[in-house]
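Notes to accompany the following structure.
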Amino acid sequence: MRTNIIIDDELIKEALKITGIKTKKEIVNIALKELIENHKRKNLMDLKGKIQFDENYDYKKMRENHDIS
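Heads up: the sequence shown at position 69 corresponds to 61 in my numbering, and the numbers run straight through without jumps.
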């Protein structure tokens, strides 16, 4: 999607400098991806304490049964 936006030049300069990325387009795309990932991670954190696991659940045993050799 082609979009024209006004972006803070100082933010772009700093992002280019600290990342080594060469283009504004790539900086914006990476920033959007990171924003989305952070929000998804935050949404998962909201579940903390709300999920109850079976007391007999043995993740180590499950790993042994699904070991790919």
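Virtual Cβ for every residue (Gly too), placed ideally from N, Cα, C.
As assigned by DSSP and simplified to three states, the class of Asp1: Indexing the sequence shown from 1 puts residue 1 at position 9. Three-state result, Asp1: helix.
Just the C-alpha distance for Ile(-3) and Gln44, rounded to the nearest angstrom, thanks. Along the sequence shown, one-based indexing puts residue -3 at 5. Along the sequence shown, one-based indexing puts residue 44 at 52. Approximately 45 angstroms between the Cα atoms of the pair.
Just to confirm my understanding: we take Ala7, look at its own chain, exclude 5 residues before and 5 after, and list those with CB closer than 6 angstroms. What are they? In the sequence shown, residue 7 corresponds to position 15, counting from 1. Taken in chain order, the residues that qualify are Ile19.
Taking the runs of the alpha helix (DSSP H) that are 4 residues or longer, which of them lie wholly in the segment 18 to 58? 51 to 57
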